[in-house]
Amino acid sequence: MNSEQVLSRIYLRAVLPLLEEVVGYDDVAKEMVKSWKCSIMLHQAGGPATTLVFRNGKCDALRRSITIPSIALYLTEPAKLNAMFQGQNVIPIPWMGFWHVGILAKFTELTKRLEYYMQPTDEVLSDKANYAFIVKLMLYAAVFGACEVANHDDHVASLSQNTAEGVLQIKILPDGPAAYIKKTGGVFSAAKGEAPGAADAYMDIEGVQLAYELFSGQTDAMAALGLTDIRIRGLIPFVDNVNAFLDRLSVLLP
Amino acid sequence: METYKFDKSMELFKKATTLIPSGIYGHESPAILVPGSFPYYAERGQGSHYWDIDGNEFIDYICAYGPMVLGYNHPKVEAAVSEQSKKGNCFNHPGPVMVELAEKLVNLVSGMDWSVFAKNGSDVTSWSIQVAREHTGRSKVLMVSGAYHGAHAWCTPGHAGLIAEDRSNVHLFTWNDESSFHQQIEKYRGEIAAVIMTPYHHPAFGDSIMPADGWWQTIQKTCNEEEIVLIVDDVRAGFRLDPRGSHVYFGFEPDLVCFCKAIGNTHPLSACMGKDKFKNDASKVFLTGSYWNSSVPMAAACAVLDVMAEENSVKIMMDMGEKLMKGLEDLAKTHGLQVKISGPYSIPFMRFANEDNFLRNQLFCAEVTKRGSFFHPHHNWFLSSAHTEDDINKTLEHADAAYKIVKDEFGS
Numbered sequence: 003m004n005s006e007q008v009l010s011r012i013y014l015r016a017v018l019p020l021l022e023e024v025v026g027y028d029d030v031a032k033e034m035v036k037s038w039k040c041s042i043m044l045h046q047a048g049g050p051a052t053t054l055v056f057r058n059g060k061c062d063a064l065r066r067s068i069t070i071p072s073i074a075l076y077l078t079e080p081a082k083l084n085a086m087f088q089g090q091n092v093i094p095i096p097w098m099g100f101w102h103v104g105i106l107a108k109f110t111e112l113t114k115r116l117e118y119y120m121q122p123t124d125e126v127l128s129d130k131a132n133y134a135f136i137v138k139l140m141l142y143a144a145v146f147g148a149c150e151v152a153n154h155d156d157h158v159a160s161l162s163q164n165t166a167e168g169v170l171q172i173k174i175l176p177d178g179p180a181a182y183i184k185k186t187g188g189v190f191s192a193a194k195g196e197a198p199g200a201a202d203a204y205m206d207i208e209g210v211q212l213a214y215e216l217f218s219g220q221t222d223a224m225a226a227l228g229l230t231d232i233r234i235r236g237l238i239p240f241v242d243n244v245n246a247f248l249d250r251l252s253v254l255l256p
Numbered sequence: 104m105e106t107y108k109f110d111k112s113m114e115l116f117k118k119a120t121t122l123i124p125s126g127i128y129g130h131e132s133p134a135i136l137v138p139g140s141f142p143y144y145a146e147r148g149q150g151s152h153y154w155d156i157d158g159n160e161f162i163d164y165i166c167a168y169g170p171m172v173l174g175y176n177h178p179k180v181e182a183a184v185s186e187q188s189k190k191g192n193c194f195n196h197p198g199p200v201m202v203e204l205a206e207k208l209v210n211l212v213s214g215m216d217w218s219v220f221a222k223n224g225s226d227v228t229s230w231s232i233q234v235a236r237e238h239t240g241r242s243k244v245l246m247v248s249g250a251y252h253g254a255h256a257w258c259t260p261g262h263a264g265l266i267a268e269d270r271s272n273v274h275l276f277t278w279n280d281e282s283s284f285h286q287q288i289e290k291y292r293g294e295i296a297a298v299i300m301t302p303y304h305h306p307a308f309g310d311s312i313m314p315a316d317g318w319w320q321t322i323q324k325t326c327n328e329e330e331i332v333l334i335v336d337d338v339r340a341g342f343r344l345d346p347r348g349s350h351v352y353f354g355f356e357p358d359l360v361c362f363c364k365a366i367g368n369t370h371p372l373s374a375c376m377g378k379d380k381f382k383n384d385a386s387k388v389f390l391t392g393s394y395w396n397s398s399v400p401m402a403a404a405c406a407v408l409d410v411m412a413e414e415n416s417v418k419i420m421m422d423m424g425e426k427l428m429k430g431l432e433d434l435a436k437t438h439g440l441q442v443k444i445s446g447p448y449s450i451p452f453m454r455f456a457n458e459d460n461f462l463r464n465q466l467f468c469a470e471v472t473k474r475g476s477f478f479h480p481h482h483n484w485f486l487s488s489a490h491t492e493d494d495i496n497k498t499l500e501h502a503d504a505a506y507k508i509v510k511d512e513f514g515s
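Line by line, the protein sequences give chains A and B. Residue numbers 3 to 256, in the working numbering, belong to the letters of the first sequence in order. Residue numbers 104 to 515, in the working numbering, belong to the letters of the second sequence in order.
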């Protein structure tokens, strides 16, 4: 796939699902969705879909389409989807549920709460709880985004193909959050939390500040490894290749 | 026993990270070992031992990743170095020692008629490909998937700073897989300048794999028929299997051979040697570097070759390596552990047979190293002719303690 196609997958499958976390954490977002009972599906022609299911004041992100969403938003091409996520004036086509105009407008407001944390001001970052929450979002965006890159980006196709099957567990110490990346049957997938059973490779990151600096490209990862602030063990080539996918993710994701 | 601490290494590394990207970069980066369980900075070496800046003493089975072959501070080599240093190292011209060394190599290495010199393995593997391109007028290069030929853009195992064009003329095939090799030959027939290969497959993070019966003969026959230049990257194995070149050990005749590591016994030097029919092409391909004609490493190399012949270094390394690896294998059995030994005894590798993720190996090598024998969990080891039976026995004691810890941690 070309870069636009891969980026659209990253937005749909790694970034948009973060709303699930935002609704769980952010009081403004909680207030917005408290009475919502609907599903909003965003998909791109010939590409992936993500469905956000709102009920009981919560949001569940499904990285797939569903048969009858309350609202279905359709983008004709990856570039338009990407432009929309980058804040440009692109209106997706509501081909189902367009009568829910009110919720659509509110949904746009909700996505701004995601932006609030993904592009935080210094003031937002200065709050300890916000900081930890932002690091969690970064971790989840990283693992899910890395999988989209590994599975679909032509730039890393050879590397991806040559990566041995296994599980990489990533944990921010001391108490999480954690997430893992798995390659099975030639396909990379990610999940939140700790992998069931033993992993093949482990990456432990000493504290949220280092994790923030790592995910935002502000730290020398090799130096941090030597200092044992980041600890890796097990199948190191798997970690090394995921690192290459993350490097590529940072190039694609502005 | 009390195990080693690396406080000074860590302290200096902390300072280094403020001054040097990665602190320590490349293959000596602590990141590819088990950080915190290995030394970061060496202080001095003697024979098969070296000392880190914390004062810890190690029996060295990595040998500076290959360059130490006769022992650190070898008296005859260092005497030659000292003598040449008094005269000088770099001038406007090479020293006569360059011709002396070329003559020694041509007389020693089987089938090779000339030699040029550089500093590192990558210098000569990359240059040898240019020679092949000049000779054939073709652009493409075949190499084995997972093989290491250096850190230049066309072959680096790294990911950063590369563009697609860097590798657009490099194509991969699988070691010991004739159909994979022939597929690439057919796909790019008439476009392939060179096939570059190590004499046996010695990837990092994997077992060493010796050539299957007839493998080299197939490669050589095909290269001859297709008029492809066959380059052997003997940087890692050179002078540890056969002083006449690893191609003698495996019974084939390459067109060009690249050496480095052992040739200078820690003094920086590499060499590319070739058959006479490539000499004119070689003379056309520009080859130079600020320090590439420096005399001191060449004087060291002359001494290295003399000592190797006198003491039969390869046999010593093979014998000591066999004692070490058989000892490790037997010891593992007594602990109810399964290990897999691969590679020649002079360049062996060991991992635990019941895992592919190196978790046991990382613990084992860290525990052995913390007791005074430097083992690498992911990279082949090296023997030197300075290793003694006493070294091996001490190392087996260290291994015994480390196996127990692995057994306690993993059960089997």
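Note that beta-carbon positions come from the ideal geometry of N, C-alpha and C, so glycine has one too.
Residue i versus chain B: which residues are under 8 angstroms apart at the beta carbon?
| i | result |
| --- | --- |
| G228 (chain A) | F116, T120, S125, G126, I127, S132, P133, A134, P138 and Y143 |
| I238 (chain A) | I135, F308, F461 and H481 |
| G26 (chain A) | Under the 8 angstroms cutoff, chain B gives no residues; its nearest Cβ is about 34 angstroms from G26 (chain A). |
Output, in chain order, the set of chain B residues within a Cβ distance shorter than 7 angstroms of residue i.
| i | result |
| --- | --- |
| A225 (chain A) | T120, S125 and G126 |
| D222 (chain A) | T120, P124 and S125 |
| D202 (chain A) | N460 |
Between the options, which lies nearest to residue i when the distance is taken from Cα to Cα?
| i | options | result |
| --- | --- | --- |
| A404 (chain B) | B:L440, B:M171, B:K429 and B:I508 | B:M171 |
| G514 (chain B) | B:E105, B:D494, B:Q441 and B:G214 | B:Q441 |
| D358 (chain B) | B:L344, B:L333, B:I366 and B:P371 | B:L333 |
| L237 (chain A) | A:D124, A:I172 and A:K39 | A:I172 |
| A297 (chain B) | B:R339, B:I266, B:I331 and B:N460 | B:I331 |
| L245 (chain B) | B:H370, B:F467 and B:K290 | B:K290 |
| E329 (chain B) | B:P306, B:I295, B:M313 and B:P314 | B:I295 |
| I495 (chain B) | B:D511, B:P480, B:V471 and B:K510 | B:V471 |
| N105 (chain A) | A:L54, A:R235 and A:A180 | Just to set this straight, residue 105 (chain A) is Ile in the shown sequence, not Asn. The shortest Cα separation from I105 (chain A) among A:L54, A:R235 and A:A180 belongs to A:L54. |
| N153 (chain A) | A:F135, A:Y142, A:G187 and A:K130 | A:G187 |
| I156 (chain B) | B:N195, B:S185 and B:E114 | B:E114 |
| K222 (chain B) | B:R241, B:L372 and B:I288 | B:L372 |
| S393 (chain B) | B:D226, B:A182 and B:P178 | B:D226 |
| F240 (chain A) | A:A223, A:A166 and A:P80 | A:A166 |
| K207 (chain B) | B:F478, B:M376, B:E458 and B:K190 | B:M376 |
Strictly below 9 angstroms CB to CB, what residues from chain A border residue i?
| i | result |
| --- | --- |
| Q465 (chain B) | R235, G236 and I238 |
| A263 (chain B) | A246 and D249 |
Alpha carbon to alpha carbon, how far is residue i from residue j?
| i | j | result |
| --- | --- | --- |
| K378 (chain B) | W217 (chain B) | 7 angstroms |
| H304 (chain B) | P447 (chain B) | 11 angstroms |
| I162 (chain B) | G424 (chain B) | 13 angstroms |
| L175 (chain A) | G209 (chain A) | 5 angstroms |
| N70 (chain B) | G261 (chain B) | With chain B covering 104 to 515 only, the question about residue 70 (chain B) has no answer from this structure. |
| G26 (chain A) | V35 (chain A) | 10 angstroms |
| H350 (chain B) | T321 (chain B) | 14 angstroms |
| S488 (chain B) | M411 (chain B) | 9 angstroms |
| Y76 (chain A) | M313 (chain B) | 56 angstroms |
| K443 (chain B) | R463 (chain B) | 12 angstroms |
| V30 (chain A) | K108 (chain A) | 12 angstroms |
| A406 (chain B) | A213 (chain A) | 52 angstroms |
Tell me whether residue i is buried or exposed, calling it buried when 16 or more other Cβ atoms sit within 10 Å of its Cβ.
| i | result |
| --- | --- |
| S476 (chain B) | buried |
| D177 (chain A) | exposed |
| S10 (chain A) | buried |
| T239 (chain B) | buried |
| F389 (chain B) | exposed |
| I135 (chain B) | buried |
| E150 (chain A) | buried |
| P199 (chain B) | exposed |
| N159 (chain B) | buried |
Name the DSSP beta bridge partners of residue i, please?
| i | result |
| --- | --- |
| E160 (chain B) | B:W154 |
| Q149 (chain B) | B:H152 |
| V55 (chain A) | A:S41 and A:D62 |
| K118 (chain B) | K118 (chain B) pairs with nothing; no bridge assigned. |
| S445 (chain B) | B:F452 |
| W217 (chain B) | B:G377 |
| V399 (chain B) | Paired residues: none, contrary to the question. |
| C361 (chain B) | B:D336 and B:C375 |
If the cut is a Cβ gap below 9 angstroms, which residues of chain B does residue i touch?
| i | result |
| --- | --- |
| G168 (chain A) | D459 and N460 |
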